[in-house]
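Taking this note's numbering, the leading residue of the first sequence gets 15, the next gets one more, and so forth.
Using N, Cα and C, we set each Cβ at its ideal position, and we do this for glycine too.
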Amino acid sequence: MSWVLIKDIKDYNDREVTLKGWVYNKRSSGKIWFLILRDGSGIIQGVVLKNEVSEEVFNIKDELTQESSVIVQGLIHEDRRSPGGYEIVVRDIKVVQIATDYPIALKDHGVEFLMDNRHLWLRSRKQWAILRIRHTVYYAITEYLNNNGFIRFDSPLLTPNACEGTTTLFTVPYFDLGNAYLSQSGQLYLEAGIMSLGRVYDFGPVFRAEKSKTRKHLTEFWMMDAEAAYVEHDENLKIQEELIRFVIRSVLEKNATELEVLERDIEQLKKADAPFKRMTHKEAIEYLRSRGSEISDKGDLGAKDEVILTEGSDVPVFVEKWPKEIKAFYMKRDKDNSNLVLGADLIAPEGFGEIIGGSQREDDHDLLYQRMVAEDMPLDEYQWFLDLRKYGSVPHSGFGVGLERLVQWMSGAVQIRESIPFARTIYRLRP
RNA sequence: UCCGGAGUAGCUCAGCUGGUAGAGCAGGUGGCUGUUAACCACUUUGUCGGGGGUUCGAAUCCCUCCUCCGGAGCCA
15 MSWVLIKDIK DYNDREVTLK GWVYNKRSSG KIWFLILRDG SGIIQGVVLK NEVSEEVFNI
75 KDELTQESSV IVQGLIHEDR RSPGGYEIVV RDIKVVQIAT DYPIALKDHG VEFLMDNRHL
135 WLRSRKQWAI LRIRHTVYYA ITEYLNNNGF IRFDSPLLTP NACEGTTTLF TVPYFDLGNA
195 YLSQSGQLYL EAGIMSLGRV YDFGPVFRAE KSKTRKHLTE FWMMDAEAAY VEHDENLKIQ
255 EELIRFVIRS VLEKNATELE VLERDIEQLK KADAPFKRMT HKEAIEYLRS RGSEISDKGD
315 LGAKDEVILT EGSDVPVFVE KWPKEIKAFY MKRDKDNSNL VLGADLIAPE GFGEIIGGSQ
375 REDDHDLLYQ RMVAEDMPLD EYQWFLDLRK YGSVPHSGFG VGLERLVQWM SGAVQIRESI
435 PFARTIYRLR P
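The following block contains the structure:
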């Protein structure tokens with residue numbers, strides 16, 4: 015009797031198989047009862063008929079509880095009455111363990127309760143679906159990069175200083191060297207990487223000790239940073255657009271079931287796989303003001319502004335050429351207007367907010383140096399970064415993708431906390 | 001940090017012009033041969049977030065602390 019996965023069940027119609035999993039639910043109706051079984055790959059309904067199994071097996075329904083682990087043997091059978099179209103006519107059930115008092119019911123629960131029970135909540139249908147989409151997004155990003163000449167280049171998580179100097183860092187005692195800080199981006203290190211490898215990326219957790227308390231923020235989240243030599247602003251945007259559109263197509267192709275479980279509006283995702291919109295920061299300000307925003311000339315976009323900008327747009331919107339004052343020191347000036355930098359943020363539609371921040375980098379030693387002095391940065395710490403502009407400096411660009419934001423958008427999740435297995439937020443460190 | 005909201009049964013919530021706690025779900029028992037978060041009947045369960053105050057009497061009014069949620073700022 016072969017052990018098969020529920021996702022492959024349609025290849026085994028009218029054949030006897032063994033399934034190994036957990037009881038998602040059961041429904042009984044006298045001399046027939048239904049066992050809803052999940053095994054990680056999918057979910058299937060089992061039918062147990064009194065006159066087709068031993069009395070012992072039939073009576074297992076009295077002890078089976080939600081999330082009990084079981085090994086089920088039976089005949090796969092196509093049946094329209096079953097959710098999913100296939101069911102298993104049960105011949106035998108072996109109980110691995112009876113779960114007692116599983117706390118999460120198939121009913122409404124509050125966020126706090128679910129987060130307290132995150133280690134169990136992970137088993138629920140929607141969480142299962144979101145985490146599978148996360149896997150697809152992760153895989154698609156690396157697949158795109160690998161196919162486009164990017165080499166994986168892991169940057170350190172323990173760093174001596176801030177990448178951008180402004181946001182709050184998590185501090186870690188570091189032997190006799192004082193404090194180290196958890197990285198909030200590997201970007202600066204990637205700039206060293208491209209001078210060796212041409213195109214590089216890193217993909218890992220980054221940490222921001224910001225006291226943000228919104229459904230779009232985590233203190234620990236996964237970011238993919240990519241950096242490429244001899245790539246300038248326009249091409250930088252082109253790479254980003256191609257990457258995101260590749261991710262959308264991958265999710266649509268590989269996660270149809272998951273999107274259905276999540277009741278995600280697939281049409282919205284399909285429509286987003288089209289040429290992205292592009293506007294300058296100046297244009298964005300003008301547009302926002304015409305729509306009632308009180309944003310200033312040199313203002314950063316607020317959450318509401320992001321919503322307004324993408325309202326009525328099926329595709330993500332690039333906002334480019336920002337005032338230098340509100341962007342990071344390493345961004346390259348626009349040659350047509352030295353008050354602007356060649357940075358761009360990509361705003362996802364449907365209110366999911368910023369998913370990418372990127373820019374062409376300043377490659378002139380003296381201009382970068384002046385900027386760092388102006389921002390009162392510790393030059394000793396960044397000497398190595400300045401060095402990169404002394405030994406064969408080239409124009410180069412890069413960007414960072416927030417994995418959870420992208421997963422949140424793809425899956426339509428209300429909470430970013432659901433887009434990572436164990437979310438870290440300002441008031442939650444466990445489980 | 002600031003602004004707003006919420007803590008009542010295992011869970012989701014009602015009760016809040018002060019009079020001693022209630023529903024649905026989960027759990028338990030029984031019924032039902034096609035259920036779809038099945039259904040029907042019966043049934044167990046409470047430091048009413050902690051502390052203090054007002055009152056004959058507080059889940060309800062006042063003070064305070066704690067926890068959580070949403071948002072702002074900052075950002076992916």
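- Residue pairing of Phe-332 in beta bridges, as defined by DSSP: Arg-292 and Leu-360.
- Relative to the Cα of Ala-427, the nearest Cα in the group Leu-145, Ala-194 and Tyr-153 belongs to Leu-145.
- Pairing Ser-411 with His-379 gives a Cβ-Cβ distance that is not under 8 Å.
- Annotation for Asn-193: Thr-185, Val-186 and Pro-187 place their beta carbon closer than 8 Å to its own, counting only its chain and skipping 5 residues before and after.
- With at least 16 other beta carbons inside 10 angstroms of its own, His-231 counts as buried.
- In this structure, the beta-carbon distance from Val-61 to Val-103 falls below 8 Å.
- Out of Lys-312, Gly-306, Ser-169 and Ser-433, the CA that lies nearest to the CA of Val-321 is found in Gly-306.
- Shown here, Met-424 sits in a helix according to DSSP, grouped into three states.
- For Met-238, there is no enclosing alpha helix (DSSP H); the enclosing beta strand (DSSP E) covers residues 234-243.
- DSSP, reduced to helix, strand and coil, places Glu-308 outside both helices and strands of the structure shown, so it counts as coil.
- Secondary structure note for Gln-282: its alpha helix (DSSP H) is the uninterrupted segment 280-286.
- By the C-beta density criterion, Met-15 is exposed, having fewer than 16 other C-beta atoms within 10 angstroms.
- The stretch 207-217 makes contact with the stretch 238-251; the number of CB pairs closer than 8 Å reaches 3 or more.
- Each of Phe-332, Arg-438, Asp-377 and Lys-296 was checked against the Cα of Lys-346, and the nearest Cα belongs to Asp-377.
- Measuring C-alpha to C-alpha distances from Arg-105 to each of Ile-74, Asn-131, Lys-312 and Ile-118 identifies Ile-74 as the nearest.
- With distances taken between CA atoms, Thr-156 lies nearest to Val-261 out of Lys-349, Gly-200, Gln-87 and Val-261.
- With respect to Leu-354, Pro-330 sits apart: the two C-beta atoms are not nearer than 8 Å.
- In this structure, Ser-82 and Gln-111 form a Cβ contact; the two beta carbons are roughly 6 Å apart against a cut-off of 8 Å.
- For Leu-78, no beta strand (DSSP E) run applies, since DSSP gives it neither H nor E.
- For Leu-89, the uninterrupted beta strand (DSSP E) run begins and ends at 83-92, by DSSP.
- Taking the Cα positions, Arg-431 is about 44 Å away from Val-67.
- As DSSP reads the structure, Asn-65 sits in no beta bridge.
- Excluding five sequence positions before and after Asn-269, the CB atoms of its chain that fall closer than 7 Å to its own CB belong to Arg-146, Ile-147 and Thr-150, given in chain order.
- Around the CB of Gln-201, 16 or more other CB atoms lie within 10 Å, so the residue is classed as buried.
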